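Chains as they are written, first to last, in our numbering: chain A, 1 to 416; chain B, 1001 to 1494; chain C, 2001 to 2249.
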Amino acid sequence: MSTGATGFLQRYEGLAGRLPGDSALRSAAAAAFKASGLPGGTQQRRIEAWKYTSLRSVAEAKFQPDTAPRHEVETVLAGLMLLDAPRIVFADGVLRSDLSVMPPTGFARFADQPDFGTLSWPDREPMVALNTMLAQDGAALHVPAGFDAGIVQLVSIATGEGDFHPRHSIRLAKGAMMTVVEISAGQGRYLLNTVTEIHVAEGAHLTHIRLQDEAVTAFHISTTYAGIETGGTYDSFTLNLGARLSRTEVHAQLSGAGAIVHLNAAQILTGSQHADFTTVVGHAAPGCSSRQTVKNVLNGRSRGVFQGKIEVARIAQKTDGYQMNQALLLSPDAEIDCKPELEIFADDVKCSHGATVGELDPDQMFYLRSRGIPDAEARSILVRAFLAEALGAVADETIRNRLETAVGQWWERQKA
Amino acid sequence: MAAVTETLDTVQSVTQSGYKWGFETTIEMDFAPKGLNEDIIRLISARKEEPEWMLEWRLKAYAAWLKMEEPQWARVDHPPIDYQDLHYYAAPKKKAGPKNLDEVDPELLKMYEKLGIPLKERAILAGVDPDTVENTQVAVDAVFDSVSVATTFQATLRKSGVIFCPISEAIREHPDLVKQYIGSVVPVADNFFAALNSAVFTDGSFVFIPKGVRCPMELSTYFRINARNTGQFERTLIIAEAGSQVSYLEGCTAPQRDENQLHAAVVELVAMDDARIKYSTVQNWYPGDSNGKGGIYNFVTKRGACRGDRSKISWTQVETGSAITWKYPSCVLLGEDSVGEFYSVAVTNNHQQADTGTKMIHVGKGSRSTIISKGISAGHSNNTYRGLVRMLPSATNARNFTQCDSLLIGDQCGAHTVPYIESRNPTAKVEHEATTSKIADDQLFYCRQRGLSKEDAVGLIVNGFCKDVLKELPMEFAVEAQKLLAVSLEGSVG
Amino acid sequence: MLEIKGLTASIGDKPILKGVDLTVPPGEVHAIMGPNGAGKSTLGYVLSGREDYTVTSGTVTFNGIDLLALEPEQRAATGAFLAFQAPVELPGVNNANFLRTALNAIRRAHGESELDAVQFLKLARAETKRLHMPDDMLKRNVNVGFSGGEKKRNEVLQMAILRPKLAILDETDSGLDIDALKIVADGVNALRGPEFSALVITHHQRLLDYLVPHRVHVLANGRILRSGGPELAKELEKNGYAGMIAEAA
Chain A
1 MSTGATGFLQ
11 RYEGLAGRLP
21 GDSALRSAAA
31 AAFKASGLPG
41 GTQQRRIEAW
51 KYTSLRSVAE
61 AKFQPDTAPR
71 HEVETVLAGL
81 MLLDAPRIVF
91 ADGVLRSDLS
101 VMPPTGFARF
111 ADQPDFGTLS
121 WPDREPMVAL
131 NTMLAQDGAA
141 LHVPAGFDAG
151 IVQLVSIATG
161 EGDFHPRHSI
171 RLAKGAMMTV
181 VEISAGQGRY
191 LLNTVTEIHV
201 AEGAHLTHIR
211 LQDEAVTAFH
221 ISTTYAGIET
231 GGTYDSFTLN
241 LGARLSRTEV
251 HAQLSGAGAI
261 VHLNAAQILT
271 GSQHADFTTV
281 VGHAAPGCSS
291 RQTVKNVLNG
301 RSRGVFQGKI
311 EVARIAQKTD
321 GYQMNQALLL
331 SPDAEIDCKP
341 ELEIFADDVK
351 CSHGATVGEL
361 DPDQMFYLRS
371 RGIPDAEARS
381 ILVRAFLAEA
391 LGAVADETIR
401 NRLETAVGQW
411 WERQKA
Chain B
1001 MAAVTETLDT
1011 VQSVTQSGYK
1021 WGFETTIEMD
1031 FAPKGLNEDI
1041 IRLISARKEE
1051 PEWMLEWRLK
1061 AYAAWLKMEE
1071 PQWARVDHPP
1081 IDYQDLHYYA
1091 APKKKAGPKN
1101 LDEVDPELLK
1111 MYEKLGIPLK
1121 ERAILAGVDP
1131 DTVENTQVAV
1141 DAVFDSVSVA
1151 TTFQATLRKS
1161 GVIFCPISEA
1171 IREHPDLVKQ
1181 YIGSVVPVAD
1191 NFFAALNSAV
1201 FTDGSFVFIP
1211 KGVRCPMELS
1221 TYFRINARNT
1231 GQFERTLIIA
1241 EAGSQVSYLE
1251 GCTAPQRDEN
1261 QLHAAVVELV
1271 AMDDARIKYS
1281 TVQNWYPGDS
1291 NGKGGIYNFV
1301 TKRGACRGDR
1311 SKISWTQVET
1321 GSAITWKYPS
1331 CVLLGEDSVG
1341 EFYSVAVTNN
1351 HQQADTGTKM
1361 IHVGKGSRST
1371 IISKGISAGH
1381 SNNTYRGLVR
1391 MLPSATNARN
1401 FTQCDSLLIG
1411 DQCGAHTVPY
1421 IESRNPTAKV
1431 EHEATTSKIA
1441 DDQLFYCRQR
1451 GLSKEDAVGL
1461 IVNGFCKDVL
1471 KELPMEFAVE
1481 AQKLLAVSLE
1491 GSVG
Chain C
2001 MLEIKGLTAS
2011 IGDKPILKGV
2021 DLTVPPGEVH
2031 AIMGPNGAGK
2041 STLGYVLSGR
2051 EDYTVTSGTV
2061 TFNGIDLLAL
2071 EPEQRAATGA
2081 FLAFQAPVEL
2091 PGVNNANFLR
2101 TALNAIRRAH
2111 GESELDAVQF
2121 LKLARAETKR
2131 LHMPDDMLKR
2141 NVNVGFSGGE
2151 KKRNEVLQMA
2161 ILRPKLAILD
2171 ETDSGLDIDA
2181 LKIVADGVNA
2191 LRGPEFSALV
2201 ITHHQRLLDY
2211 LVPHRVHVLA
2221 NGRILRSGGP
2231 ELAKELEKNG
2241 YAGMIAEAA
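Put into structure tokens, the structure is as follows:
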């Protein structure tokens, strides 16, 4: 029998009272989740935000959290090519201090100091409600004012057939800096449903790189809320390679003048993978800017989704919003669905979006082949050139190289 | 060039006049009782002397409508519409049959004059022999509330085999053609408003262009909502057989009233091999007053099917009126190398709400579509472009280009863009661009430094912004449209 | 006659013009020279009524009319023309249409009959030809896709067609090669007459070789520092502004 919304709710009932943190918030989340269910999971009224992604397959799966430690964790971790920097490792949703290299300061564990944050509203997003209901562990990274915390790796390794709901919080005080590299990988048919709350205070700068390389049999749902204050920057890049079904949802609110957000992404899919990158950028203060370049490369019967909404409030004059999304369809059975959306209530703004969808340029292909390069290789060259532009948004060379390696490995796996 | 200057002159002459077209004609009306039920539908069908199959078709639509809900997805907001509080049939009282031009009520002719129907056409409506009027190029089918009062140029058109008549007449005179095509592009249960229209439509135009015929003149319909508490439900069906061509113009106005009036039309176009249909609309229904009181609720379903290879359907619209515009003229591109076009200018001011756009459904190999949308918001209005481009797996080498620009005038309005792009064919290519801007202070100053008043400068800049769309309109309409743009934005710049 | 007395103006809280006194009699061409940030462009904008600038004191009259009381288009109707340093692009608005609308607006203000399309085109083509500009200048959208030089030439063409009584040229010579410079000078020289005055704002003496001014004024730090004949421009070219500013301080 599948777990479904009912199974999750029963689990919550069973755990109620034993879960850390605000129990009132949890029960409100449970009520919201009960009302909404899993998007697409039942024959309910269609939710516009989930127009192109149905969680029916999640609703129909059976999840069995397994408390016994699994040896696969170490194997997966060993293959991750982590950077020489602090790493916080969660295995099957639980912190593994033994596998971690803790940052010198500023780390706390959700299980010890539960912090749900203030930006996420469980009654708005069903998967956030589910997370709020069942979250048991996660990382809280707090950088004090004016301090540069350098690179911190946040690693999730999941195995088996469980469902995990990590709850992270990242806070940068005034003028602080940090680069978070979030890597998720695993083996099995699990569900990873993460919620991350981010606060970037005045003049602070957070770089957030995400490499999602989950097992191709797994489900990956990640919802991020970021609040960026005056002169702060949230610069994020997401690379989605794995998972049978993934949804990366980011809500960024520019709440102070001159704040900056970058939500760049690349999704490379094959087989019957489905990846959804959905963003909502709220311009709620004057003179803020948002930049997005999102690229999809789709092979096999895969389906890529990009939904990007830019909201400009009346007060947000001199907004500069830009969004570009491009998709390459490499196979006759692949599908791309885009919905770039502008909602504008201020008149003195510069907002634009562009989208292009198509295959590799036949002229370029012919040129390469006429120089003796075989078809498959020519495609690979052009696709990687297409992606290089997206990866170019990652400023740190070491990290960019790591992402390029991941793309290269992905490409090798397709050949094999 | 002359047109723009004329626009500016006209704007000055009508400045402060508010809604220029808000007069009411006092003609005796024949109403059906308020409300909607099977009996009303039977009554409409009986008044129209329709065959039994048509009544059944209507009843089927009504049954479907009863099970449907009003759509909520558009960015429009209005109090609930009481569908039982409307008259579904209103016709001017006539002594004899409506086809005799001499019997056209003089009040009606005066109204056409106010509507700005060109002199020649008025003369013809007044009974002058069409053959004595020189260089006439436009045939008019006037829909006055629910009944086509008179159709001009029938004889000239018949010579070339073109049928242009009220749809009620077509149902009686050309039942096989109507039966074959009606509801084939917009099925009866397509959406809430289309189902309602299918149940209760009272008039509209029917056009049939036979094989290889290029329609010798532009065809034109002037819609006008006159009576109180009536919903106007026209249904238009245009069939262009292989190799034929037609250009159809639609103008809409309505008198000024406090209450909101409902308009729910359906337009279906069918283009066979190599056929071309150009459908142009200037919509200037009463938009409500500056406080948002009154105005037309305009819920329209327009769709064209490019069934034939190399067929082409082109929609051009200038939407300046209505309190609410809910309208997505679309193309289903079935034929190989078929072409769909959508050129739109939508202006909203005061408390108007427009949610308009298009759907381009690419099925045929090599099908191409172009979408150019210009939205202008002023006052407290909201203006939304909503569009879908869908490339189906069969649409090999299909192309779409979309350009979607919004212009905001003032900081109390909203401009929104909601495009959906779906592609399931790697060889299909979709390009989409959208921008939002305002009239820059330096542009205004530059024009004023050269001697233009603020209002003239805005008119000039807005017309420039809309140029790519306006140039698609037939000349006569383009002039009218430019005037309307300026009038609609009156008072929007402080 | 243009008379500027005690003119002070600011952007926001920042004073730019700090008391400008200047008289340009009819029939004369005056040059305004000065270093960057002296307030030269501000003077041009304030004379033509740009809203971003606030006049805090002083008067400006042109042929007895109080310019400061007028809207920008009313100032244009008095015959004042500003050739912009950075001419503005008007997408979709064609040059001929724009100019005819402007010309007719000004003619209307003077109670003159308007020109129809044919009359206007005849006039516009003649001016285009006289200034050695390609005919398609009229067909193109106002300044859209124009090179820097084309934009400046378009300003001169507009000036030739609108026939102002007071031309204010705001660094129209910047970024122009010698041929384009001659076109600008010819454009102004062609308008010279007993009724016509010009205020030529420039950085360099070069333009003044072709467009010889009656008087040269040096504007620095929001004030006229010195005035003189054409030889003053030559002196500045040789010695620069620094010495003069130091001397004045």
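Using N, Cα and C, we set each Cβ at its ideal position, and we do this for glycine too. Remember, it's a predicted structure, so these values are computed and weren't measured experimentally.
Exercise. Does B:Arg1390 come within less than 7 Å of chain A when only Cβ atoms are used?
Worked result: no
Exercise. Since C:Phe2146 meets chain B, which of its residues come closer than 9 Å, beta carbon to beta carbon?
Worked result: Per Cβ cutoff of 9 Å: no residues; C:Phe2146 is ~13 Å from chain B at best.
Exercise. From the DSSP output, which residues share a beta bridge with B:Phe1164?
Worked result: B:Val1207
For this session: Identify the contact partners of C:Leu2102 in chain B, using a Cβ-Cβ distance below 7 Å as the criterion.
Result: Looking at the sequence provided, one finds Ala at residue 2102 of chain C rather than Leu. Within 7 Å Cβ-Cβ: Arg1450, Gly1451 and Leu1452.
Exercise. So does the segment 205-216 of chain A actually touch the segment 224-244 of chain A, counting three or more Cβ pairs closer than 8 Å?
Worked result: yes
Problem set entry | Where the alpha helix (DSSP H) containing B:Ser1492 begins and where it ends | Looking at the DSSP string, B:Ser1492 is not in any alpha helix (DSSP H), and its letter there is neither H nor E.
For this session: Measure how close the beta-carbons of C:Gly2079 and C:Leu2166 come, nearest whole angstrom, since I'm counting them as under 8 Å.
Result: 6 Å
Exercise. Does the beta carbon of B:Gly1464 come closer than 7 Å to any beta carbon on chain C?
Worked result: yes
For this session: Would you mind listing the beta strand (DSSP E) stretches within the segment 99-139 of chain A that are 3+ residues and don't spill past its ends, in chain order?
Result: 107-109
For this session: Reducing DSSP to helix, strand and coil, say where B:Tyr1248 ends up.
Result: strand
For this session: Could you list which residues in chain A have their beta carbon closer than 9 Å to that of B:Glu1431, in chain order?
Result: Gly354, Ala355, Thr356, Val357 and Gly358
Exercise. What's the C-alpha gap between A:Gln113 and A:His251?
Worked result: 24 Å
Problem set entry | Backbone secondary structure at C:Glu2028 - three-state DSSP | coil
For this session: Leaving aside the five residues before and after A:Ser156 along the sequence, list all residues of the same chain whose C-beta is less than 7 Å from its C-beta, in chain order.
Result: Phe90, Pro166, Ser184 and Leu192
Problem set entry | Residue interval of the alpha helix (DSSP H) (run including B:Trp1285) | It is not in any alpha helix (DSSP H) - B:Trp1285 carries neither H nor E in the DSSP assignment.
Exercise. Ordered along the chain, which non-local residues of its own chain (more than five positions away) have a Cβ less than 7 Å from that of B:Ser1017?
Worked result: Low confidence applies to B:Ser1017: its pLDDT is 39, below 50, so where it sits in the model is not reliable enough to give any reading.
Problem set entry | Pick from A:Glu60, A:Gln414, A:Asn264 and A:Gly308 that is closest to B:Val1418, judged by C-alpha positions | A:Gly308
For this session: Could you tell me which uninterrupted alpha helix (DSSP H) segments, each at least 4 residues in length, are contained entirely in the segment 2009-2090 of chain C, listed from first to last along the chain?
Result: 2040-2048 and 2072-2077
Exercise. Using a beta-carbon distance below 7 Å, is A:Pro332 in contact with chain B?
Worked result: yes
Problem set entry | Under the three-state DSSP convention, the category A:Tyr12 falls into | helix
Exercise. Going by DSSP, what residues sit across from C:Ile2224 in a beta bridge?
Worked result: C:Leu2219
For this session: Would you mind working out which of A:Pro39, A:Val143 and A:Thr159 sits nearest A:Glu74, comparing C-alpha positions?
Result: A:Thr159
Problem set entry | Member of C:Leu2022, C:Gly2092 and C:Asp2013 whose CA lies at the smallest distance from the CA of C:Leu2007 | C:Leu2022
Exercise. Taking a cut of 9 Å between CB atoms, which residues from the segment 1409-1435 of chain B lie near chain C?
Worked result: none
Exercise. What do you get for B:Glu1134, buried or exposed, if any count of 16 or more other CB atoms within 10 angstroms of its CB means buried?
Worked result: For B:Glu1134, the predicted model reports a pLDDT of 41, less than 50, meaning its position is unreliable and no value from the coordinates is stated.
Exercise. Of all Cβ atoms in chain B, is any one closer than 7 Å to the Cβ of C:Ser2113?
Worked result: no
Exercise. What are the residues that DSSP puts in a beta bridge with A:His199?
Worked result: A:Arg171 and A:Gly227
Exercise. Counting only beta-carbon atoms, is A:Lys62 nearer than 7 Å to chain B?
Worked result: no
Problem set entry | Identity of the residue in A:Ala215, A:Leu241, A:Gly227 and A:Thr132 nearest A:Thr194 by Cα | A:Thr132
Exercise. Mapping DSSP to helix, strand and coil, what is B:Gln1261?
Worked result: strand
For this session: Consider the Cβ of B:Lys1438: report whether some Cβ of chain A lies at a distance smaller than 7 Å.
Result: yes
Exercise. So, is the C-beta of A:Cys288 closer than 7 Å to a C-beta in chain B?
Worked result: no
For this session: Compute the beta-carbon to beta-carbon distance between B:Gly1379 and B:Asn1349, rounded to the nearest angstrom, for a pair I have assumed lies under 8 Å.
Result: 4 Å
Problem set entry | Inter-residue spacing [alpha-carbon to alpha-carbon] between A:Asp396 and A:Thr224 | 22 Å
For this session: For the alpha helix (DSSP H) containing A:Asn401, list its first residue and its last residue.
Result: Glu397 to Lys415
Exercise. Distance, Cα to Cα, A:Gln136 vs A:Glu60?
Worked result: 24 Å
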